[in-house]
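Order-wise, the sequence lines are chains A and B. Following the working numbering, the numbering of the first sequence begins with 1 at its first residue and continues without gaps. Following the working numbering, the numbering of the second sequence begins with 1001 at its first residue and continues without gaps. Just so you know, even glycine gets a beta-carbon here, dropped at the ideal spot from N, CA and C. I have placed the structure first, in the form of structure tokens, so that the comments after it can refer back to it.
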Amino acid sequence: MKQALQSKRNIVALAAPALLLLVLFVLYPLIRIAIMSFQKNDGLSVSRFIGWSNYKRLFSDSAFGMIDRKSLWLCLLALVFNAALAIFVSLVLCGIDAKRQGWIRTVFILPMVLSVSVISQLWLSIYHADWGLLNGFLSAVGLAKYRQQWLINPKTALNCVAVVGMWWFFGMDLLLAFSGIKAVPDSLFEAAELDGCSYFQTATHVVLPLCKNVCRTCFLISATGGFFTFPQVYIMTGGGPGDITMTIMMYMYKQAFSNQHYGLASAVAVLGILQMVVILSVIFFLFKKIKGED
Amino acid sequence: MEIRSKGVRTTATIILGVVAVVFFLYPLVWLLLNSFKDTTEIMTGNSFSFPTKWKLANYTDALFARNILRYFGNSVFITTCTILLTVTLSLMLGYALTRMRWRQAPQVSSMLALGMMLPSQIVIVPIFILLRQLHLVNNPLSLILTVTAFNIPLSAIISASFLKSIPYEMEEAGLIDGANLYTILTRIILPQVKPALSAMSINIFINSWNEFIYALVLIVGKQWRTLPIALMNYSSGKYGTDYGGMFAAMVITSLLPIALFVFFSDEVEKSLSAGALLK
């Protein structure tokens, strides 16, 4: 009678279509970039193996070092202003009157459902030197001397791009941390308060250790998002001025689709993935060191 | 849990409320107001005021003269196909993983985990080359298949964990009555997994509707262009800088996600956090 669930044919019929797509679009591309990173490939002539040349070229290129450091800086900003700040804001949000929590949370989450294309165009307008909201706001509050060309000034461009990613993704971390904190039983909290702990003592010593996994997820997704920043850069600055806002992803895109250096772009991708693995492992390791529920 | 001192609570509420309104909500209101302003008014008028004259022509220009209606249709078509395909394939895989015994199942689970951790954009070069070899570039199928593949891991895990919570008796009874696999899936399983379907669909909708980098690389021509890409070159080209129209197009692009969020906000919040938590 259970034949229908045990026949090989049925198992293959159910699993094969999804697995085929996963192999074609996840597994095979990963292997392919590893191979292509050792090749010279311009997309037209037959690709040939050139050993470590792509990697050597990247390591000897001081511009790539700069680009890499910028991606790491965006990663760090995302860890601080998305993950850490969102966890802090959720703790405060959980402490205010319950009936006011809903709309504030909704407003924070709203940008997350929007297209990153809309968000980038919106911030491009906000930063616009002549009629942008930011300069308009500075003039309106009497700080007109700080008006500037936000995305052209080398001092401000990169951080202005970072703000857009934070604005977009803050809600995701907030939503995660908030639902994690809400899942902590109120009784634990009340017990700690009866023992005379203040709200923030309870929050950091009782609530956060119980939300360890949720917090770790916040840090993991923010780190990945920040390090691989792409659409905002592509739409708002194209990596400029100079290479000031060039990120790993933007550089890879440019090498592949503007210069047809597919091999070099693959080497960039491999270096990106390796660094990401290191960053995520460090986060995992640090969270192992912290006491708390697994 | 609540902050005990009423003064601190009120102060915290005010600070959070002001930040939310000024920094998160106001830019969106500004976007909406600008979409009704004439381009000259956007560039020279008061940034903070209502439009002096509400210019609905921004919307009609965007929709008809600038083809946004067509791109909207493309986005709807591609997103719908992606949702249907992803949900079907993920449910099938989820079912095979939870109800059937096969040796390779653990490897499949680790491949799902890998697919979930991997930022999809990093493998764009080999995927582009593969789809070009298959002559699928500029074909909506390329975008549908790619986005489907990257959404399968999360959806398959959601459906597997949901299927585990459904009792097995109904299927057993069906099997005794001689039902085949197709009947079991469509008559017994499908009606029971509706809550999982909405969680999956919301995640897939947001990812597919907003897909940027693959839409940029895989759809080069105008015929199948989607909204996020259409926005990008809106204010350039032979029409000059039509900022009013561009803001209108941005509002049009955001209509469906915002509507989804407004009408099903609880569902959306649950689905998004469920999606991220499984990572």
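Secondary structure at Gln39(A): strand, using DSSP grouped into helix, strand and coil.
For the segment 1062-1091 of chain B, the beta-carbon criterion of a distance under 8 Å to any beta-carbon of chain A is satisfied by Leu1089 and Ser1090. In this structure, the CA atom of Phe1128(B) is about 32 Å from the CA atom of Thr1241(B).
At a cut-off of 8 Å between C-beta atoms, Thr106(A) counts as an interface residue with respect to chain B. A Cβ of chain A is located within less than 8 Å of the beta carbon of Phe1261(B). A contact is defined here as three or more CB-CB pairs under 8 Å, and the segment 1066-1074 of chain B meets this definition with respect to the segment 1219-1233 of chain B. The way I'd put it, the segment 74-86 of chain A does touch the segment 225-234 of chain A; three or more beta-carbon pairs between them come closer than 8 Å. Of all residues in the segment 1005-1020 of chain B, only Ser1005, Val1008, Arg1009, Thr1010, Ala1012, Thr1013, Ile1015, Leu1016, Gly1017, Val1019 and Ala1020 come within less than 9 Å of chain A when Cβ atoms are compared, listed by chain position.
Just so you know, the alpha carbons of Ala223(A) and Asp61(A) end up roughly 25 Å apart. Here Gly1221(B) is exposed: its Cβ has fewer than 16 other Cβ atoms, across all protein chains shown, within 10 Å.
The C-beta of Tyr199(A) comes closer than 8 Å to at least one C-beta of chain B. Taking one beta carbon from each stretch, the segment 121-140 of chain A and the segment 1258-1272 of chain B have fewer than 3 pairs nearer than 8 Å; the two do not touch.
At the C-beta level, Leu110(A) and Phe1024(B) come within 8 Å of one another. Proximity of Ala4(A) to chain B, defined by a Cβ-Cβ separation below 8 Å, is satisfied. One finds nothing in chain B with a Cβ atom closer than 7 Å to the Cβ of Asp68(A); even the nearest lies about 14 Å away. Fully enclosed alpha helix (DSSP H) runs of no fewer than 4 residues occupy 1243-1263 of the segment 1239-1273 of chain B, in order along the chain.
Between Ile1202(B) and Ser1110(B) the beta-carbon gap is near 26 Å, outside 8 Å, which marks them as no contact.
Across the structure, Val1008(B) and Ser198(A) are spaced so that their CA atoms are roughly 12 Å apart. Contact annotation for Met1100(B) against chain A: Leu5, Gln6, Asn10, Ile11 and Leu14 [CB-CB distance below 8 Å, chain order].
The CB of Glu1169(B) never comes closer than 8 Å to any CB in chain A; the least such distance is about 13 Å. Around Asn1180(B), the beta-carbon contacts reaching into chain A at under 8 Å are Ala4.
Under the Cβ distance rule, Val1220(B) does not count among the residues neighbouring chain A, no pair being separated by less than 8 Å. Checking the DSSP bridge columns, you'll see Phe49(A) partnered with Gln39(A). One alpha carbon belongs to Met1092(B), the other to Asn1210(B), and they sit about 26 Å apart. Between the segment 80-98 of chain A and the segment 110-123 of chain A there are fewer than three C-beta pairs closer than 8 Å, too few to call the two in contact.
Listed in chain order, the positions of the segment 226-248 of chain A with a beta carbon within less than 8 Å of a beta carbon of chain B are Phe228, Phe230, Pro231, Tyr234 and Ile235.
The straight-line gap separating the alpha-carbon atoms of Leu124(A) and Asn213(A) is approximately 36 Å. If you look at Thr1039(B), you'll find it in the alpha helix (DSSP H) that goes Thr1039 to Thr1044. A residue is called buried when at least 16 other Cβ atoms come within 10 angstroms of its Cβ; Asn82(A) meets this threshold and is buried.
The criterion of a C-beta distance shorter than 8 Å is not satisfied by Ile1083(B) and Asn1138(B).
Boundaries of the alpha helix (DSSP H) harbouring Lys99(A): Ala98 to Ile109, taken from the DSSP string. In this structure Gln201(A) is exposed. Its beta-carbon is surrounded by fewer than 16 other beta-carbon atoms within 10 angstroms. Taking 9 Å as the Cβ-Cβ cut-off, the segment 1128-1153 of chain B approaches chain A at Phe1128, Ile1129, Leu1130, Arg1132, Leu1145, Thr1146, Thr1148, Ala1149, Phe1150, Ile1152 and Pro1153, given in chain order. When 9 Å is used as the limit between beta carbons, Trp131(A) is near these residues of chain B: Ile1042, Met1043, Thr1044, Gly1045, Ser1047 and Tyr1243, in chain order. Assigned with DSSP and collapsed to three states, Asn1210(B) falls in coil, not helix or strand. The continuous stretches of alpha helix (DSSP H) do not include Glu1002(B), and DSSP gives it neither H nor E.
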